[in-house]
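Okay, structure first, notes after.
4 protein chains.
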Amino acid sequence: MSHNLLKGKKGIIFGALNDKSIAWNVAERAHEEGAAFVLTNAPIAMRMGSINELAEKCNARVIAADATNLEDLEKLISESMEILGGKIDFILHSIGMSPNVRKGIPYDELKYEYYHRTLDVSAFSLHKVLSTARKLDAINDWGSVVALTYVAAQRTFVGYNDMADAKAILESISRSFGYIYGREKKIRINTVSQSPTLTTAGSGISGFDKLEDFANRMSPLGNATAEECADYCVTLFSDLTRKVTMQNLFHDGGFSSMGMSLRAIQQYEKSFRDCPPIGEDIPFDEKDVEKFK
Amino acid sequence: MSHNLLKGKKGIIFGALNDKSIAWNVAERAHEEGAAFVLTNAPIAMRMGSINELAEKCNARVIAADATNLEDLEKLISESMEILGGKIDFILHSIGMSPNVRKGIPYDELKYEYYHRTLDVSAFSLHKVLSTARKLDAINDWGSVVALTYVAAQRTFVGYNDMADAKAILESISRSFGYIYGREKKIRINTVSQSPTLTTAGSGISGFDKLEDFANRMSPLGNATAEECADYCVTLFSDLTRKVTMQNLFHDGGFSSMGMSLRAIQQYEKSFRDCPPIGEDIPFDEKDVEKFK
Amino acid sequence: MSHNLLKGKKGIIFGALNDKSIAWNVAERAHEEGAAFVLTNAPIAMRMGSINELAEKCNARVIAADATNLEDLEKLISESMEILGGKIDFILHSIGMSPNVRKGIPYDELKYEYYHRTLDVSAFSLHKVLSTARKLDAINDWGSVVALTYVAAQRTFVGYNDMADAKAILESISRSFGYIYGREKKIRINTVSQSPTLTTAGSGISGFDKLEDFANRMSPLGNATAEECADYCVTLFSDLTRKVTMQNLFHDGGFSSMGMSLRAIQQYEKSFRDCPPIGEDIPFDEKDVEKFK
Amino acid sequence: MSHNLLKGKKGIIFGALNDKSIAWNVAERAHEEGAAFVLTNAPIAMRMGSINELAEKCNARVIAADATNLEDLEKLISESMEILGGKIDFILHSIGMSPNVRKGIPYDELKYEYYHRTLDVSAFSLHKVLSTARKLDAINDWGSVVALTYVAAQRTFVGYNDMADAKAILESISRSFGYIYGREKKIRINTVSQSPTLTTAGSGISGFDKLEDFANRMSPLGNATAEECADYCVTLFSDLTRKVTMQNLFHDGGFSSMGMSLRAIQQYEKSFRDCPPIGEDIPFDEKDVEKFK
Chain A
66 MSHNLLKGKK GIIFGALNDK SIAWNVAERA HEEGAAFVLT NAPIAMRMGS
116 INELAEKCNA RVIAADATNL EDLEKLISES MEILGGKIDF ILHSIGMSPN
166 VRKGIPYDEL KYEYYHRTLD VSAFSLHKVL STARKLDAIN DWGSVVALTY
216 VAAQRTFVGY NDMADAKAIL ESISRSFGYI YGREKKIRIN TVSQSPTLTT
266 AGSGISGFDK LEDFANRMSP LGNATAEECA DYCVTLFSDL TRKVTMQNLF
316 HDGGFSSMGM SLRAIQQYEK SFRDCPPIGE DIPFDEKDVE KFK
Chain B
66 MSHNLLKGKK GIIFGALNDK SIAWNVAERA HEEGAAFVLT NAPIAMRMGS
116 INELAEKCNA RVIAADATNL EDLEKLISES MEILGGKIDF ILHSIGMSPN
166 VRKGIPYDEL KYEYYHRTLD VSAFSLHKVL STARKLDAIN DWGSVVALTY
216 VAAQRTFVGY NDMADAKAIL ESISRSFGYI YGREKKIRIN TVSQSPTLTT
266 AGSGISGFDK LEDFANRMSP LGNATAEECA DYCVTLFSDL TRKVTMQNLF
316 HDGGFSSMGM SLRAIQQYEK SFRDCPPIGE DIPFDEKDVE KFK
Chain C
66 MSHNLLKGKK GIIFGALNDK SIAWNVAERA HEEGAAFVLT NAPIAMRMGS
116 INELAEKCNA RVIAADATNL EDLEKLISES MEILGGKIDF ILHSIGMSPN
166 VRKGIPYDEL KYEYYHRTLD VSAFSLHKVL STARKLDAIN DWGSVVALTY
216 VAAQRTFVGY NDMADAKAIL ESISRSFGYI YGREKKIRIN TVSQSPTLTT
266 AGSGISGFDK LEDFANRMSP LGNATAEECA DYCVTLFSDL TRKVTMQNLF
316 HDGGFSSMGM SLRAIQQYEK SFRDCPPIGE DIPFDEKDVE KFK
Chain D
66 MSHNLLKGKK GIIFGALNDK SIAWNVAERA HEEGAAFVLT NAPIAMRMGS
116 INELAEKCNA RVIAADATNL EDLEKLISES MEILGGKIDF ILHSIGMSPN
166 VRKGIPYDEL KYEYYHRTLD VSAFSLHKVL STARKLDAIN DWGSVVALTY
216 VAAQRTFVGY NDMADAKAIL ESISRSFGYI YGREKKIRIN TVSQSPTLTT
266 AGSGISGFDK LEDFANRMSP LGNATAEECA DYCVTLFSDL TRKVTMQNLF
316 HDGGFSSMGM SLRAIQQYEK SFRDCPPIGE DIPFDEKDVE KFK
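These protein sequences, in sequence, are chains A, B, C and D. So my numbering is basically just the index in the first sequence, starting at one, shifted up by 65. So my numbering is basically just the index in the second sequence, starting at one, shifted up by 65. So my numbering is basically just the index in the third sequence, starting at one, shifted up by 65. So my numbering is basically just the index in the fourth sequence, starting at one, shifted up by 65.
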């Protein structure tokens, strides 16, 4: 259902690969809410995914751009303003990639040229987008920028590797630039820290399914889906959240504020028990719930 | 402009005193967005304020209740369900009062019976509302509860006294109960940490105007107003933020993420200068902006 | 081995029950490091424990005091100064008790008189100690106060009940009073957030052993023991940490900064497997370590 | 006065330039406490400073090394082990430099090759030191690594530029590597977030004096000095803090936990007043203190 929350608003959405992508879902919801926007992704990503399908659905144009390349970004933003007929109101940054993770290089043996590349793609790209937009005076006053991040910026998750550092600096960039763009143009910049989500990117991480299960049992509301994340981003692009800036906003069903839940510790407890044959459930003891409350 | 974000939703709003109150503004906006609700405040507060005017405007019923009194709360919630024709979808908790502050008792000499009273009114009241609602099964699945708080829960502000401790425990209660109500009924509970706001409550704090000026200069977007806070609360009551829970959400123009802004340090610097006569401004040096960027 | 870190320093240590108590261990270490101090606990606790044994070992006097009773505290602090021959340099606050937890009342059904009592014993007691000490001018400049807390103040742990709220307000009191006592007398006040520790108090919480196991596997250095906590407290009482104040200091082997460790997720993974008979270990696959790094 | 806290311990200290440097002070204190260590700095820094004077005082060897160069680091660490006769117990990382800051390039116009350089010098250098040490198995079990940082990693300070991002990722690296080195060798890695300090590096930042004044008035204990920081680092290198890891530890007189102090707001208030001639103080009103408490 549409609320016309983004009626008349113009945007650029980075990072839609396929219908599992958070950016894809944001595009669909932004379209429903009345926004016009340009979709963009790296040339390679565009070949792998199905972004044109999304573009058609949303009546949006697609412009290929390498978000680490300043010329590409300048072209993207200039053309977007032309296509959309004016300045931009919102930007979604949903970009992350680590060559170290891809090549299975452990964190303690990082290749530093890859490490720089991880940051360039996953974090500096946000700075470059903002810097280019500012140079072109491309964002309207009270515009809104959202970048997607993960709680690994605050707490260490095995296997998340140098992406943790990339997310930490991404959040710092949001604050640093949020201050400058805020005082100048009232533009707000926030990060949304999303539950582990089964996107194409997420599913590449080994052990991801168990981590997702754990996060789900820890979170009182369960993990947040890509669709729900899109809903949340819509509120952040709308005029109803104008004084929220420089924040890292957890959209995770409560995970970030949990130390231990009943569901997670009960599952954990099973790991120590004499197990029944697969397929049978360990009998659940109602009293366990009571005692834990 | 209405987006029908709360169409069909039912709520209870605590703490509207007069048109400066955040709760007052939330009521007006919730009404615009299609919600039906009951207004409530303590009997004394109702005599001092003009809540009936608001009720008329919003086509809402008013029920007096002492939020520290379980019987009052049970009556309030039961009657609200009757009046509204079903379970509740959202609750705003905007309640705070410290007898120590009122009587000018400094923090290091707190009277402990007043201290207990501060917590009872400003924090336990939230627990009591939630506990009573839960007992009566009064909140729909995926309902949303918001309590207003202040950054003094994280950092010490001179003069804020035992209200800092009250806000710290209020935020803890939101997490503790948010876990339980989340796992049981998918109900989310968050706190909104608002800029210093010139409500009737806020204006009672001595030195408040200078603090407000400082916060305003520190915040890249300036302080958030009560109206803007109401907009934000509307998004949190809507279905678009269903997976946000147990969070403390800063709605403060960026203040909480600032260490020092150009505007604040420039003002601060003036305190050391040889000052021109009152009324004349210290000449502003453009280069100062450049060097600081 | 002694480093004479507390040579000539005088203190008061609250909360030593038996040799599992953190306060007990702090007393032993403070004695080794050259401090003289008074031990205190509630009259009931003194009957249950073996504090006199500790007193003898440490050449310390014991004074019974209910830490919620201002007269008791005034007597305790006055007498301590007499016994020790001057003002106090350090205080350890290791006090916590929840009647709601003791009586198995779940968080959503808290008895509010018990809730007030939980706060009175576990948090206001710190305020009362500080307020009384200040009134009597009982602490030397650059004195140091440490109160023990738990990460449940930041994140919700099932079963920790209203003690989470008590620890949240305890940490707030440390900041609020730390500001005042700091500006006046350079006295610093910090909280130490300790791993789950098998004290007599800790062992009363149901499900504690599994939580402890989980915390231990999550923490790269394993859980911190009471002995190690005592070492840490010694550094905080020493003159080497004079500018650390109003902080919550995690002493937990890294737990608070972990999202997921290899050891914890491997154990968690076992809960989903077809298990071998009890006593046999699931074969450990070296490659699992590699892939996760 | 020495406590022999580091007796028999071996270390490497990065970043001592002159007697204002924190690293210089750490070296002096570590020497007093019985440690043997190697001093190192970049070749250029060594020419500018007076490190040899320090080396003589501390009976330490100096090895020049570019901390961004893996070969230099391997040579440094290997030679250090030879010189010191065994594995290392502690490392101090006090390295930071931004070409963008040096050249006065504002944050919104960062040169990206400089930005990479800022991170390489100020943050990746820590990763490289740790990675090299781990490859050479150069650190004893329960060793301790400390890196110096600043609160700009959490909150934006005008003028701190890309150093804020560098400190944010430095703290993330400490956590990420702290997890790995902790589980393998019980080695702990922490950052110390120090008050603004008038080192040669710090004094290069424009407007630094006013910021330092503000921080000093905000902090109940005043800003922490380099000497005091050295004391604190000694405790972190000692065996008394073995279970503290992956933490960011504020050593700042309380600044990080302050929202507004009486001293700072009183100074701020002066900026709005009709000022007396320079040199005369604004009369101080005792009652102001009372009302604020």
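By construction, the Cβ of each residue, glycine as well, lies at the ideal position given by its N, Cα and C atoms. Since the model is a prediction, treat every value here as computed from it, not as a measurement.
Residues, ordered as in the chain, of the region 283-295 of chain A that lie near chain D by beta-carbon distance below 9 Å: none
Could you pull out every residue in the same chain whose Cβ sits closer than 8 Å to the Cβ of D/P261, ignoring the five residues on either side in sequence? Y215, G267, F273, L276, E277, A280 and N288
Is B/A233 close to chain C? Criterion is C-beta to C-beta, closer than 8 Å. yes
Would you kindly work out how many angstroms separate the C-alpha atoms of C/E118 and C/E98, rounded to a whole number? 19 Å
Residues near B/G243 in its chain [Cβ-Cβ closer than 6 Å; skip 5 each side]: I254, T310 and M311
In the DSSP assignment, find the alpha helix (DSSP H) that holds A/T197 and state where it starts and stops. S190 to K200
Can you list, in chain order, the stretches of the beta strand (DSSP E) that have 3 or more residues and sit fully within the region 105-168 of chain B? 126-129 and 153-158
Minimum length 4: unbroken alpha helix (DSSP H) runs contained in the region 269-296 of chain C: 273-283
Name the chain D residues that come within less than 7 Å of A/Y244, Cβ to Cβ? T221
Return the residues of the region 304-326 of chain A that lie within a Cβ-Cβ distance of less than 8 Å from chain B, sorted by chain order. D304, L305, T306, R307, K308, V309, T310, M311, Q312, L314, F315, H316, D317, G318, G319, S321, S322, M323 and S326
Quick one: measure Cβ to Cβ for C/S159 and C/A88, integer angstroms, because I've assumed they're closer than 8 Å. 4 Å
For D/A329, the nearest candidate out of D/R282, D/D296 and D/A107 (CA to CA): D/R282
Only counting the same chain, and skipping five residues up and downstream in sequence, which positions put a Cβ closer than 7 Å to that of A/I238? A188, L191 and H192
Measure the C-alpha to C-alpha separation of B/D154 and B/N205 and round it to an integer number of angstroms. 6 Å
Buried or exposed (CB count within 10 angstroms, at least 16 for buried), A/S143: exposed
Chain D contacts made by the region 68-89 of chain C, where a contact means CB separation under 7 Å: H68, N69 and L70
By the criterion of Cβ-Cβ separation under 7 Å, what are the contact partners of C/V166 in chain A? The premise fails here: C/V166 is roughly 11 Å from chain A at the closest Cβ pair, so nothing lies under 7 Å.
Three-way DSSP call (helix, strand, coil) for D/A231 in this model: helix
Does DSSP put D/Q332 in a helix, in a strand, or in coil? helix
Test: A/T256 CB closer than 8 Å to a CB of chain B: no
What's the C-alpha gap between D/S209 and C/A101? 30 Å
Nearest neighbour of A/L184, chosen from A/V211, A/D230, A/D173 and A/G169 [CA to CA]: A/D230
Could you check the C-alpha separation between D/A198 and D/E139 for me, to the nearest Å? 8 Å
Quick check: what's the CA-CA separation for D/I252 versus D/F302? 11 Å
When you compare the CB of A/K335 with every CB in chain C, is at least one pair closer than 8 Å? yes
Starting from the N-terminal side, write out each stretch of the beta strand (DSSP E) that is 3 residues or longer and does not extend beyond the region 214-261 of chain C. 253-259
Excluding the five sequence neighbours on either side, which residues of its own chain have a C-beta within less than 6 Å of the C-beta of A/L70, listed in chain order? E98, V299 and S303
C/G73 and D/G247 closer than 8 Å at C-beta: no
Taking only beta-carbon atoms, is C/L135 less than 8 Å away from chain A? no
Nearest CA to the CA of B/F315: which residue from B/M162, B/F337 and B/Q219? B/Q219
Decide if B/N124 is buried, meaning its Cβ has at least 16 other Cβ atoms within 10 Å, or exposed. exposed
In this structure, how does DSSP classify B/A320 when only helix, strand and coil are distinguished? It is worth fixing the name first, because residue 320 of chain B is Phe in this sequence and not Ala. It is helical.
Minimum C-alpha distance to C/L82 - residue among C/F337, C/A129, C/H96 and C/G76: C/A129
Grab me the residues of D/F349's own chain with a C-beta within less than 7 Å of its C-beta, minus the 5 sequence neighbours each way, in chain order. At D/F349, the pLDDT of 40 sits below 50, so the modelled position is not reliable; the number obtained from the coordinates is stated separately. Excluding positions up to five away in sequence, the list is empty.
Starting from the C-beta of C/K75, find all residues in its chain whose C-beta is less than 6 Å away, skip the five residues before and the five after it, and write them out in chain order. A101, L149, I153 and D154
Using the three-state DSSP reduction, which class does C/K302 fall into: helix, strand or coil? Checking the displayed sequence, the identity of residue 302 of chain C turns out to be Phe instead of Lys. Correct three-state label for C/F302: helix.
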